[in-house]
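Here's the structure, in structure tokens; my notes come after.
Protein chains: 2
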Amino acid sequence: MHNKLTVVSMSQEKKELIISKANALIQKSGYAAMGMRELAKAVGIEAPSLYNHLQSKEEILNQTCFTLGRKLLIALEEVNDIYFDAEQKLRTAIRNHVEIITHDLSAAYVFIHEWKHLSEPSLSEFKQLRDKYEAGIREIVEAGEKEGIFKETDLKFATLSILSAVNWIIEWYKPEGTMTPIQIAEKISDFILQGLTRDKRFN
Amino acid sequence: MHNKLTVVSMSQEKKELIISKANALIQKSGYAAMGMRELAKAVGIEAPSLYNHLQSKEEILNQTCFTLGRKLLIALEEVNDIYFDAEQKLRTAIRNHVEIITHDLSAAYVFIHEWKHLSEPSLSEFKQLRDKYEAGIREIVEAGEKEGIFKETDLKFATLSILSAVNWIIEWYKPEGTMTPIQIAEKISDFILQGLTRDKRFN
DNA sequence: CCTACCGATCGGTAGG
DNA sequence: CCTACCGATCGGTAGG
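Each protein sequence line maps, in turn, to chains G and C. Position one of the first sequence corresponds to residue 145 (the working numbering), numbered consecutively onward. Position one of the second sequence corresponds to residue 145 (the working numbering), numbered consecutively onward.
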């Protein structure tokens, strides 16, 4: 029993290694340009051996896009369940998003930019997941308006501003840099909230 | 004489048609995934005939990245020459950027995301061009601080926020939408300036 | 996990 | 601008 479980989990570990190496290569040169031979070399095996762990090249894309998408969505739903105040919700949601994205930059890159290489029906499923996440962010902004904390804004525009700020991070974030993910999240939150918060003088 | 000029400019037009069709295909599926046969079909000729207009596939990437990069940089330098006030400079720079990017979304996509497929020495040249542009935006923010119009901020962070807002547009902008590029630019400027402007009460 | 190998497709050239 | 074609490389399979 113990033996079998070990084998299963070792196999799982190897698969995760392959996917993580793949994401790094995809971040460097894009999904289409990443070759399975190149990936095999990075892993330290021959190309056909990859197919003992994967059904196809696209499985890598699927795994990464949906794992990260679900992770982000669950974190967002938790925020909506736990917190009451819209500002607190938004700050926590932004912090979660930044932490998830900076935790694995390569995976984040694949999630943000390479999902379009998914084929149907995964492509449509993925778009739904994304839309749901965007809707969750929009709901927070909407709640802030209703609470009278945020001024009335173009909901769509505010949501896009938030997503652009948190997703653009992957274009410049370096783990060796001086700012921690939490500090980055705080700065982004301050910046966004300054644009959203109703001026205190009028309350 | 007239004849020769006509031939040259017709040839130039065809090349531009090819590059524009190519950018649309690259936006859809990425540079590496775009095939020269697919491109030829979109243009209405056979694949080998493309090479009467292009030296190589990469020439498409080169043309688009550097044409757009120079266009953006020239617009930014003009702003710095003409205007005095930092707020005016920033608003105009953002408006120019948004107008250039929305004018040809496919080209903008290639410029923003696909430049990494350039090979040396073009790759290094391109990075220099980008850095120069980023430095130009940062200078405006810096000028605003010195003028006492903007509060002191993390320069790097403010610059990245501006670039993230204006570049994220290509992920959602649809020409059929209700907002014009100028309106989008205005909203972004308002949003950014709200985060940057020194509170009037303390002046 | 490997060796041997498949058909398909890639960017690009020769020659007209 | 076309037909005919090149070597290289692609994702993936058979069989052990």
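Here a beta-carbon is modelled for each residue, glycine too, at the ideal position from N, C-alpha and C.
- By the Cβ test, the region 188 to 205 of chain C is in contact with the region 158 to 178 of chain C, since at least three Cβ pairs between them sit closer than 8 Å.
- Residues of chain G whose Cβ lies closer than 8 Å to the Cβ of Q272/C do not exist, since the nearest Cβ in that chain is about 17 Å away.
- DSSP places E231/C in the uninterrupted alpha helix (DSSP H) bounded by 230 to 247.
- Across the structure, M178/C and I326/C are spaced so that their CA atoms are roughly 32 Å apart.
- Looking at the backbone, the Cα of Y253/G and that of I314/G are separated by about 7 Å.
- Here the C-alpha atom of L217/C lies approximately 23 Å from the C-alpha atom of A168/C.
- Against chain C, the CB of Q338/G has a partner CB under 8 Å away; the residue lies at that interface.
- Counting only runs of 3 or more residues that sit fully inside the region 156 to 190 of chain G, no beta strand (DSSP E) segment turns up.
- At a C-beta separation below 9 Å, A177/G has these neighbours in chain C: G174, Y175, A176, A177, H261.
- Residues are counted here when their Cβ sits less than 9 Å from a Cβ of chain C; for the region 197 to 222 of chain G the count is zero.
- Contact between the region 202 to 210 of chain G and the region 248 to 263 of chain G is present: 3 or more CB-CB pairs across the two stretches fall below 8 Å.
- Against A309/G, the close residues of chain C are S305, S308, in the order they occur along the chain (beta-carbon pairs closer than 7 Å).
- Ranked by Cα distance from E221/C, the options T297/C, Q156/C, I306/C, Y277/C are led by Y277/C.
- Not a single CB atom of chain G sits nearer than 8 Å to the CB of K276/C.
- Taking 8 Å as the CB threshold, K331/G lines the interface with chain C.
- DSSP places T324/G outside both helix and strand once states are collapsed to three, so it counts as coil.
- No Cβ-Cβ contact shorter than 8 Å links I306/G with I328/G.
- The beta carbons of L299/G and E286/G sit closer together than 8 Å.
- Using a CB distance cut-off of 8 Å, H241/C does not count as an interface residue toward chain G.
- Look at F301/G: its C-beta is under 8 Å from a C-beta on chain C.
- Per the C-alpha coordinates, the member of K290/C, R274/C, E258/C positioned closest to K172/G is E258/C.
- In this structure, L267/C lies away from Y317/C, with their beta-carbon atoms at least 8 Å apart.
- Straight through space, the alpha carbons of V310/G and H241/G are spaced by roughly 7 Å.
- The three-state reading of DSSP puts T297/C in coil, since its state is none of H, G, I, E or B.
- Taking the Cβ atoms as the reference, I332/G lies roughly 6 Å from I238/G, within the contact range of under 8 Å.
- Chain order gives the chain G residues near F335/C as S305, G339, where near means a beta carbon separation below 7 Å.
- Distances from the alpha-carbon of L340/C to those of T324/C, E291/C, E320/C put E291/C closest.
- With a threshold of 8 Å between beta carbons, H257/C makes contact with chain G.
- For R235/G, the CB contacts under 7 Å within the same chain, skipping 5 residues up- and downstream, are S333 in chain order.
- Around E289/C, the same chain offers E296 as residues with beta carbons nearer than 6 Å, after the five sequence neighbours per side are excluded.
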